[in-house]
Amino acid sequence: MPTLSLQGRPSFYEDRGEGVPLLLFHGFPFSSQSFWPQLAAPPKGVRLLAPDHRGFGQSAPGPGVSTMEAMAEDGLALLDALGIQSALVGGVSMGGYVAIALTRLDPGRVQGLVLIDTQSTADDEAGRARRETTALDVEKNGVAGLVSGMLPKLMAAGVAPETKARVEKLMLAQSAQAVAAASRGMASRIDGKDILSRFSGPCSIIVGAEDQITPVEKAKLMQSLVGGSTLEVIEGAGHLSNLERPGEFQAIIERFVNLTAGR
Ligand code: MLT
Numbered sequence: 012m013p014t015l016s017l018q019g020r021p022s023f024y025e026d027r028g029e030g031v032p033l034l035l036f037h038g039f040p041f042s043s044q045s046f047w048p049q050l051a052a053p054p055k056g057v058r059l060l061a062p063d064h065r066g067f068g069q070s071a072p073g074p075g076v077s078t079m080e081a082m083a084e085d086g087l088a089l090l091d092a093l094g095i096q097s098a099l100v101g102g103v104s105m106g107g108y109v110a111i112a113l114t115r116l117d118p119g120r121v122q123g124l125v126l127i128d129t130q131s132t133a134d135d136e137a138g139r140a141r142r143e144t145t146a147l148d149v150e151k152n153g154v155a156g157l158v159s160g161m162l163p164k165l166m167a168a169g170v171a172p173e174t175k176a177r178v179e180k181l182m183l184a185q186s187a188q189a190v191a192a193a194s195r196g197m198a199s200r201i202d203g204k205d206i207l208s209r210f211s212g213p214c215s216i217i218v219g220a221e222d223q224i225t226p227v228e229k230a231k232l233m234q235s236l237v238g239g240s241t242l243e244v245i246e247g248a249g250h251l252s253n254l255e256r257p258g259e260f261q262a263i264i265e266r267f268v269n270l271t272a273g274r
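Converting from the sequence shown to my numbering requires adding 11 to each position, the first position being numbered 1.
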């Protein structure tokens, strides 16, 4: 299993398929395993690199708050370790916040962006306060309360029960420390509109039609910011479109990769 040392912290990543590197960041509170259909059958023409963020999955925790920038730096260190100068960069939800943060830190390494069920908007004051409440609750009581609160909103009503059960199990497996650190990191993230409006590379924005957490309006806003970006709305999917509609998701990624290859 590929593991990298980041400032002495063991850091796990999946590396599957062959082709254009796609550094794909997972959402909250998950791990790289939330890309299970894509790991089992990577999109054609893609080398899928999916790290476990600090403290999640099999990666060791980092110090203090897990800011989006810190997780983006971990992603850049992974590219360095693999000798990859530039890659397509994307993520689901919190993973999208990390992809935007990475574009802010080092835009020259981003060949294209894939923003999945995410948003560029920062939290408002009430949102930041909710994140702190979540962090304190998780530190005191573990992740079960967060999981039972999030689960009903995560996927579309018609999701397969096996998918829902697997998602729940994956969330319950995450450490309270990592979840609290990432919750505080999301609260402190800055608005990404300036970055997106400066980004001139190819960009695919993907959203489940029934996403309740980062709804289609958030995706449309990002599309209006990135010139030439494409918006793909996946019917019958909620916030985890790559798991709920893996076939459609795969086709979108393959189309995008073909398009970027032709630029
Ligand atoms: C996620 O799916 O990563 C989270 O729902 C993002 C968020 O809470 O803003």
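From the three backbone atoms N, C-alpha and C, an ideal C-beta is built for every residue, glycine too.
Since the structure is predicted, the reported quantities are computational estimates derived from the model, not experimental observations.
(request) Excluding the 5 residues preceding and the 5 following Ala155 in the sequence, name in chain order all residues of the same chain whose CB lies nearer than 7 Å to its CB. (result) Leu183
(request) Give the straight-line distance between the Cα atoms of Pro213 and Leu124, rounded to the nearest whole angstrom. (result) 6 Å
(message) Three Cβ pairs or more, each shorter than 8 Å: is that satisfied between the segment 128-139 and the segment 97-108?
(response) yes
(message) So for Gly101, helix, strand or coil by DSSP?
(response) strand
(request) Starting from the Cα of Leu207, find the closest Cα among Gly38, Gln188, Val170, Ala112 and give me that residue. (result) Ala112
(message) Counting beta carbon pairs with one atom in the segment 195-203 and one in the segment 67-81, are three or more of them shorter than 8 Å?
(response) yes
(request) Tell me, please, whether the segment 137-146 touches the segment 228-240 by the rule of three or more beta-carbon pairs shorter than 8 Å. (result) no
(message) When you compare the segment 34-48 with the segment 178-193, are there three or more beta-carbon pairs, one atom per stretch, that lie closer than 8 Å?
(response) yes
(request) Go ahead and pull the three-state DSSP assignment for Leu93. (result) coil
(message) DSSP has Arg58 in a bridge; who is on the other side?
(response) Pro32
(request) Classify Asp26 as helix, strand or coil using the three-state DSSP reduction. (result) strand
(request) Could you spell out where the beta strand (DSSP E) holding Ile245 opens and where it closes? (result) 241-245
(request) Name, in chain order, the residues that DSSP records as bridge partners for Pro21. (result) Ser16
(message) Just checking Ile224 against the ligand MLT - is the residue's beta carbon closer than 7 Å to any of the ligand's heavy atoms?
(response) yes
(request) Would you mind giving the Cβ-Cβ distance between Leu242 and Lys231, rounded to the nearest angstrom? I have them listed as a contact below 8 Å. (result) 7 Å
(message) From the DSSP secondary-structure annotation, give me the bridge partner or partners of Gly219.
(response) Ile245
(request) Compare the Cα-Cα distances from Tyr24 to each of Gln122, Gly86, Thr174 and report the closest residue. (result) Gly86
(request) Drop a sphere of 10 angstroms on the beta-carbon of Leu34, count the other beta-carbons inside from all chains shown, and report buried for 16 or more, exposed for fewer. (result) buried
(request) Using the Cα positions of Leu15 and Thr174, report the straight-line distance between them to the nearest angstrom. (result) 30 Å
(request) Name the residue from Gln44, Met161, Leu60 whose alpha carbon lies nearest to the alpha carbon of Glu29. (result) Leu60
(request) Kindly indicate which residue of Asp26, Phe46, Glu136 has the alpha-carbon position closest to the one of Met197. (result) Glu136
(request) Consider the C-beta atom of Gly38 and the heavy atoms of the ligand MLT; say whether any pair is separated by less than 7 Å. (result) yes
(message) Judging by CA-CA distance, which residue of Lys55, Leu50, Phe36 is the nearest neighbour of Ala262?
(response) Lys55
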